[in-house]
Amino acid sequence: MALSVLAILGVAAAMVLALVLARPARRRNTGGIRRRLARPRLKPLSNIEREQLISQWTVIKAQFVDAPAVATTRADELLGRLATARGLPSASYEHRLRALSALFPAEASGARRLHAASEQAATGDADVESMRRAMIVGRRAFEALVMAGPHNHGPDAATHRTIALARRVPPQRSAPLLP
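Adding 3 to a residue's 1-based position in the sequence shown gives its number in our numbering.
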């Protein structure tokens with residue numbers, strides 16, 4: 004009995020020690036990325052540029068019905084162009100994703116999924132449902148980049164209205180059923 008209690012205490016002590024030792028390593032890893040990128044500042048977009056980008060996304064979204072693979076690839080390209088226009092690194096996809104993760108940690112996973120779906124679509128390995136989900140989460144990354152002010156302070160009123168209009172789904176028309 005005493006031996007089993009000692010074994011349990013030994014395992015618990017080992018787990019606590021592992022957690023304590025792993026914690027600084029996690030901090031070092033994410034902190035290093037953030038320090039290296041020094042929280043990149045976003046370049047401002049004019050309202051005209053924002054509206055053009057939002058309308059391009061709307062066209063791509065509509066294109067998804069007829070050509071999901073093409074639309075997914077175009078959405079990934081548009082997100083990359085937007086990130087570059089906002090001043091994120093354009094040297095490589097990985098650098099851009101790290102900078103996006105530093106600014107928008109929650110939305111960066113959407114950009115990652117959209118890029119992966121785009122690559123799968125290029126090889127013909129993606130199914131429509133995975134591309135649809137990637138477009139949905141990719142849209143969140145797109146909106147975060149479009150709506151953020153030049154210093155990540157959030158959207159202005161005009162951009163909020165434009166995005167709300169782009170999200171609006173046209174009402175369904177009821178058509179008589181054929182006999």
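Just so it is clear, CB atoms sit at the ideal spot from N, CA and C, and this is done for glycine as well.
Keep in mind that this is a model prediction, so the values were computed, not measured.
query                                                                                                                                           : result
Among Arg99, Gly83, Leu148, Ser121, which residue has its Cα nearest to the Cα of phenylalanine 67?                                             : Ser121
To the nearest angstrom, report how far apart leucine 48 and isoleucine 139 are at their CA atoms.                                              : 23 Å
Exposed or buried, glutamate 80, counting other C-beta atoms within 10 Å across all chains shown (16 or more means buried)?                     : exposed
Would you check if the distance between the CB atom of alanine 151 and the CB atom of glutamate 110 is smaller than 8 Å?                        : no
If you follow the alpha helix (DSSP H) that lysine 46 is in, where does it begin and where does it stop?                                        : That residue, lysine 46, is in no alpha helix (DSSP H); it is neither H nor E in DSSP.
Near isoleucine 63, what residues of its chain come up, given a Cβ to Cβ distance below 7 Å and the 5 sequence neighbours on each side ignored? : Ala74, Arg77, Ala78, Leu81
Hey, glycine 141 and arginine 116: beta-carbon distance below 8 Å or not?                                                                       : yes
Is the CB-CB distance between valine 2 and isoleucine 51 below 8 Å?                                                                             : With the chain covering 4 to 182 only, the question about residue 2 has no answer from this structure.
Of the residues Val131, Leu91, Ala125, which one's Cα is nearest the Cα of lysine 46?                                                           : Leu91
What's the gap between the Cα of arginine 53 and the Cα of proline 108?                                                                         : 22 Å
Measuring alpha carbon to alpha carbon, tell me which residue in Ala105, Glu97, Thr87, Ala70 is nearest glycine 127.                            : Ala70
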